[in-house]
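Chains V and H, in that order, are what the protein sequence lines are. Following my numbering from start to finish, the first sequence increments by one per residue and tops out at 361. Following my numbering from start to finish, the second sequence increments by one per residue and tops out at 1361. All C-beta atoms, glycine included, are put in the ideal place defined by N, C-alpha and C. Bear in mind the structure is a predicted one, so any value in this text is a computation, not a measurement.
2 protein chains.
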Amino acid sequence: MSEKKKSADALKEFGEKIVRDIKAGKNPAIDLLVRGLSNVEFDKKSKTLILGKKMAQRTFFNVAHSKKFLQTVEVAKISKDLIEQGKHASLRDVFYMAKRTIPNTKINLVDEQAESDDVIEDLEVITTLSRENLNVNANKNGSVAGNVIIEDRGDTIDWSKMGSGGWSIPSNTEELKFKKVNVKYILYMEKAAVWERLHEDKFWEKQNCIIMSSQGQTTRGIRRLLQRLYEEHKLPIYVLTDLDPWGHYIYSVIKYGSINLAHISERMAIPGVRYLGIRVGDIDKYGLRKNLIQLNDNDTKRLKQIMEYDWFKDNKEWQKEFEAFKKLNAKAEIQALSAQGISFISNKYLPEKIKNQDFLD
Amino acid sequence: MSEKKKSADALKEFGEKIVRDIKAGKNPAIDLLVRGLSNVEFDKKSKTLILGKKMAQRTFFNVAHSKKFLQTVEVAKISKDLIEQGKHASLRDVFYMAKRTIPNTKINLVDEQAESDDVIEDLEVITTLSRENLNVNANKNGSVAGNVIIEDRGDTIDWSKMGSGGWSIPSNTEELKFKKVNVKYILYMEKAAVWERLHEDKFWEKQNCIIMSSQGQTTRGIRRLLQRLYEEHKLPIYVLTDLDPWGHYIYSVIKYGSINLAHISERMAIPGVRYLGIRVGDIDKYGLRKNLIQLNDNDTKRLKQIMEYDWFKDNKEWQKEFEAFKKLNAKAEIQALSAQGISFISNKYLPEKIKNQDFLD
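Here is the structure:
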């Protein structure tokens, strides 16, 4: 069954359930798993964050629920229309499409985007579809290069022939097809400037890998692209970040999923990714000591939080790393490697770490 | 003469001037135009922001100048090395490359990136080269699609065959070559989500135009790409933004240049671009009234500043628009058009405005 048909069917079933309730003279109800911290757990088997079993019910004849009930039905309708038209909307578009005044009242169905965003996540839980399958796209960001040929919207795109810019990664990477994947691994980095460095140095050609970057937080489009390459082509993925708690968290989200998207970890988390970011042990090994930046209170607080996450708490290697980091009391950026020469990262740092399998898991 | 040779020669001349001073027993001096508000003016002839004629001198034997003098020489050396190696660095890279301790002292040549950034802008003024010609790149962001074929780093890239993602615009667009440009105009927008909307609707195919976007502020790579297409291919450029002071400023920077980059307006400003963003007159014409967002204090303050810019002050059309905007006291986003249907922007709003030449200049 096509993804499109599956999505349309799931939304249809959602609507039909409400119609059945009405015809049976019952209070129309929507059942869904509770999202949020109180129902999120770290699943040791799949090694990802998942939702627990707590259920909630949203009924129409309940003053506290009725607006949210209506919002859910409205956004489901918007999504169904999008799927039928073969179009995709941004979260902001959906907000404006849902923002109308309820007839004969002065009440808007939604007043803030946070409301429609929230309902979209509810629909993910209710239908077990992802937002992308509901034809609602997240942000677009990032570039990619490597010996890969894909097919997307009828175009054949060779990631090895994209000049200095690379292919621009779309917000939705569900439908593209991999035609040729002739690489050994994927190197994902948090900074576009580092990507440009490696690209200019022909790193992906020399190492026969894919280089991929976003800017800051990893978009859903990139996470899905990484996951698909990992699962469909069994490619190892290495994550290159700064030595700081924000870099550690970028890695954590890609690997284990995140609390607010725990319901979708199955489609987002990639338990096999490995951390290739700057480590405390690199400081002296690669001459970074004079370019350290002292941790501020915010960094220290964040580090403490991350150390205590379930998925890091029992990980001896990571706890050792965090302790050394706390003792160092300073962070180091990827670009600090440039002090050793502009291409030190491409010629020495990365090849050496990859050759020695100097990763954290 | 190649751009590379020109850049290397300008830096060589910068160094030789200092050597001449030393050999003549003079206090080595760097002469440069003053940057900053006190020496920026709006040039009515070129219709861009330019530097005035105020000069400054930086000498070596002057306690207040000597560190900055050394920084300038050091960054000039870093740039020369990059040019000779055929490599490009980010601003952050240059900071780390310049950040070393002056021998026999405890003084770092630079302590903050702001210092090396500042010196790079000085070098732009001194050499009349752009940062890109000094092989120092700014941020990378943005995507493009349209009936254009370019050549870049030996690859031939067809912007009409890039699937859903588009070509990822590099930080430096100096060296790419246009092989085929078969379009009527360029539509530049501030939001990647709007770009994806238009791309999915095949807007660039139907209208035979280029669609280009960044996210928020326009990168230097995009501004140069726009300017090159404008000058080398005489393409009209329309800028699509929200109705808000930040949207107006995005347009202003692309058209007239900016205060801190006034020394480089010749390479950045595009006096012919036209504003196709949401206008006050669109509110009722396109059913946007129920989706207005009230201006906050920050918006009102910014609007007041923009209204008083020299380049807007004498512009009757714009003053009329600003007055109407002030009276409306509310902003409107591009995506608010989605309330009329997901493809209303592609099928109705934009084609109508472009057909009627409903622009602001």
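Spatial distance of residue i from residue j (CA atoms)
i: V/N182; j: V/G36; result: 40 Å
i: V/E352; j: H/Q1085; result: 23 Å
i: H/A1192; j: H/S1214; result: 6 Å
i: H/I1334; j: V/E190; result: 29 Å
i: V/D21; j: H/Q1294; result: 41 Å
i: V/K47; j: V/L360; result: 15 Å
i: V/I157; j: H/K1161; result: 7 Å
i: H/D1242; j: V/F14; result: 36 Å
i: V/T105; j: V/T72; result: 19 Å
i: H/K1044; j: H/R1279; result: 25 Å
i: H/S1265; j: H/Y1256; result: 7 Å
i: V/N139; j: V/E200; result: 26 Å
i: H/T1362; j: H/P1236; result: One cannot answer for residue 1362 of chain H here, as it falls past the ends of chain H, which runs 1001 to 1361.
i: V/S370; j: V/E112; result: Residue 370 of chain V lies beyond the stretch modelled for chain V, which goes from 1 to 361, so this question has no answer here.
i: V/V144; j: H/R1092; result: 21 Å
i: V/K12; j: H/V1194; result: 29 Å
i: V/W318; j: V/N39; result: 25 Å
i: V/G281; j: V/C209; result: 25 Å
i: V/L303; j: V/D297; result: 10 Å
i: H/I1050; j: V/E232; result: 55 Å
i: H/V1019; j: H/N1027; result: 11 Å
i: H/S1346; j: H/G1146; result: 15 Å
i: H/A1332; j: H/N1291; result: 7 Å
Residue i in three-state terms, based on DSSP
i: V/M189; result: strand
i: H/A1332; result: strand
i: V/V280; result: coil
i: V/T128; result: coil
i: V/Y349; result: helix
i: V/S168; result: strand
i: H/A1269; result: coil
i: H/N1260; result: helix
i: H/E1323; result: helix
i: V/M307; result: helix
i: V/N39; result: helix
i: H/L1091; result: helix
i: V/V73; result: helix
i: H/V1148; result: strand
i: H/D1297; result: helix
i: V/L240; result: strand
Exposure of residue i, with buried meaning 16 or more beta-carbon neighbours within 10 Å
i: V/M268; result: buried
i: H/I1270; result: buried
i: H/G1165; result: buried
i: V/I259; result: exposed
i: H/F1061; result: exposed
i: H/E1016; result: exposed
i: H/T1300; result: exposed
i: H/K1054; result: exposed
i: H/G1154; result: exposed
Contacts around residue i, its chain only, beta-carbon distance under 7 Å, and the 5 residues preceding and following it disregarded
i: V/L225; result: I169 and T173
i: H/V1125; result: L1032, L1033, R1035 and H1263
i: V/S222; result: Rather than Ser, the amino acid found at residue 222 of chain V in this sequence is Ile. Same-chain partners within the cutoff: G142, I169, M212 and S214.
i: V/L261; result: M268
i: V/G216; result: E190
i: H/L1070; result: L1109
i: V/S66; result: F60
Proximal residues to residue i (C-beta, below 6 Å), its chain only, five neighbours per side dropped
i: V/F344; result: L337
i: V/K23; result: none
i: V/I354; result: none
i: V/G52; result: N39 and E41
Same chain, Cβ closer than 8 Å to residue i, five either side skipped, listed in chain order
i: H/K1306; result: The displayed chain sequence assigns Ile, not Lys, to residue 1306 of chain H. Correct list, in chain order: P1245, H1248, Y1249, S1252, F1312 and F1322.
i: V/A89; result: I78, L82, M97, N135, V136 and N137
i: V/R100; result: N108 and L109
i: H/V1075; result: V1094, A1098, S1116, V1119, I1120 and L1123
i: V/K6; result: L129 and N133
i: V/A324; result: V280 and G281
Chain B residues whose Cβ lies nearer than 7 Å to that of residue i
i: H/Q1207; result: Here chain B cannot be found, since the structure's protein chains are V and H.
Cβ-Cβ separation, residue j to residue i (assumed contact under 8 Å), whole Å
i: H/M1097; j: V/A64; result: Wrong, their Cβ atoms sit about 60 Å apart, outside the cutoff.
i: H/T1218; j: H/I1254; result: 6 Å
i: V/V239; j: V/Y188; result: 5 Å
i: H/G1272; j: H/Y1230; result: 6 Å
i: V/A8; j: V/K87; result: At roughly 13 Å, the Cβ-Cβ gap does not stay under 8 Å, so V/A8 and V/K87 are not in contact.
i: V/I283; j: V/R274; result: V/I283 to V/R274, Cβ: 20 Å. No contact.
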